[in-house]
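The sequence shown: position 155 = 167 (the working numbering), numbered continuously.
This report refers to the structure that appears directly beneath it.
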Amino acid sequence: MSRRGRRPTAEERALWDAVAGAWNRRAETAPPPAPPKPVSLARPPSATEETAEAPRAAPVILRPQGRSEPPVSLPRPRPAPPSGLDRATEARLRKGRRAPDARIDLHGMTALAAHRALSAFLFESRAAGRRCVLVITGKGGFGEGAPGVLRRETPFWLETPPLSEIVVNVTPAHPRHGGGGALYVYLKRAR
Numbered sequence: 013m014s015r016r017g018r019r020p021t022a023e024e025r026a027l028w029d030a031v032a033g034a035w036n037r038r039a040e041t042a043p044p045p046a047p048p049k050p051v052s053l054a055r056p057p058s059a060t061e062e063t064a065e066a067p068r069a070a071p072v073i074l075r076p077q078g079r080s081e082p083p084v085s086l087p088r089p090r091p092a093p094p095s096g097l098d099r100a101t102e103a104r105l106r107k108g109r110r111a112p113d114a115r116i117d118l119h120g121m122t123a124l125a126a127h128r129a130l131s132a133f134l135f136e137s138r139a140a141g142r143r144c145v146l147v148i149t150g151k152g153g154f155g156e157g158a159p160g161v162l163r164r165e166t167p168f169w170l171e172t173p174p175l176s177e178i179v180v181n182v183t184p185a186h187p188r189h190g191g192g193g194a195l196y197v198y199l200k201r202a203r
């Protein structure tokens with residue numbers, strides 16, 4: 013199953029159209045290429061003749077003027093965590109100190125039924141003002157290291173629309189809440 017990239021915003025499309033239009037106008041107004049220079053059958057000048065004809069210019073050396081000061085090292089701003097959560101909330105989730113507001117268990121469901129149940133649960137939870145919910149997928153899989161269908165597909169469902177529009181973060185659950193067979197899903201605030 014292939015994943016589609018995000019769609020460009022209106023601002024990005026406008027910028028692309030401006031660049032493409034400028035390129036097309038440039039190509040239309042460019043002068044025709046110059047005809048090739050005729051090839052001379054005469055003997056090429058020797059190296060001594062070339063140096064005698066064209067004196068070489070002295071190399072230009074650029075030196076900074078005034079005194080040189082060491083570069084000033086500015087403190088780097090701390091990057092925001094890529095998760096979309098503040099550090100305290102992220103730490104509470106990682107340590108299992110944030111109890112989920114609600115939970116759904118997808119065990120025993122087919123992929124289609126689980127997807128429908130998950131979508132309904134997340135939209136209902138967001139409407140009820142819940143922020144952190146626990147989605148139990150189970151570890152699944154019968155072969156060695158093979159994840160179950162729900163465990164494999166649930167993150168994909170959460171990162172594609174319409175669910176991606178209400179989800180802020182998806183984090184593996186702490187062992188006390190299910191560990192590798194469960195996910196914390198942090199939802200956007202309802203407006």
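For glycine and all other residues, C-beta sits at the position ideal for the given N, C-alpha and C.
Predicted model only: the values in this text are computed from it and were never measured.
From the DSSP secondary-structure annotation, give me the bridge partner or partners of residue i.
i       : result
Val-147 : Ile-116 and Leu-195
Going by CA-CA distance only, name the one from the options that's closest to residue i.
i       : options                               : result
Arg-142 : Arg-128, Gly-193 and Arg-203          : Arg-203
His-189 : Asp-117, Arg-201, Glu-177 and Glu-171 : Asp-117
Pro-167 : Val-197, Cys-144 and His-119          : Val-197
Leu-175 : Lys-200, Ala-125 and Gly-191          : Lys-200
Ala-126 : Cys-144, Gly-17 and Leu-170           : Leu-170
Pro-187 : Arg-106, Trp-28, Phe-133 and Leu-124  : Arg-106
Leu-146 : Gly-96, Thr-21, Asp-113 and Arg-19    : Asp-113
Arg-18  : Gly-160, Leu-195, Glu-177 and His-119 : Glu-177
Ser-137 : Gly-120, Gly-152, Arg-115 and His-119 : Arg-115
Ala-165 : Leu-124, Ala-139, Cys-144 and Ala-132 : Sequence inspection shows Glu at residue 165; the Ala mentioned does not correspond to that position. Measuring from the Cα of Glu-165, the nearest candidate turns out to be Leu-124.
Val-161 : Gly-120, Gly-108 and Ala-132          : Gly-120
Leu-97  : Gly-152, Thr-21 and Cys-144           : Cys-144
What are the boundary residues of the alpha helix (DSSP H) that residue i is part of?
i       : result
Thr-166 : 161-170
Thr-101 : 99-106
Ser-137 : 123-139
In the DSSP assignment, the beta strand (DSSP E) including residue i goes from what residue to what residue?
i       : result
Thr-183 : 179-184
With a threshold of 16 other CB atoms inside 10 Å of the CB of residue i, please say whether the residue is buried or exposed.
i       : result
Ala-185 : buried
Thr-122 : exposed
Val-31  : exposed
Gly-191 : exposed
Arg-110 : buried
Gly-33  : exposed
Thr-172 : exposed
Ala-26  : exposed
Thr-149 : buried
Leu-216 : This structure cannot speak to residue 216, because the chain is shown only from 13 to 203.
Ala-194 : buried
Arg-128 : exposed
Report yes or no: do three or more beta-carbon pairs, one from the region 102-112 and one from the region 181-200, lie closer than 8 Å?
Touching, yes.
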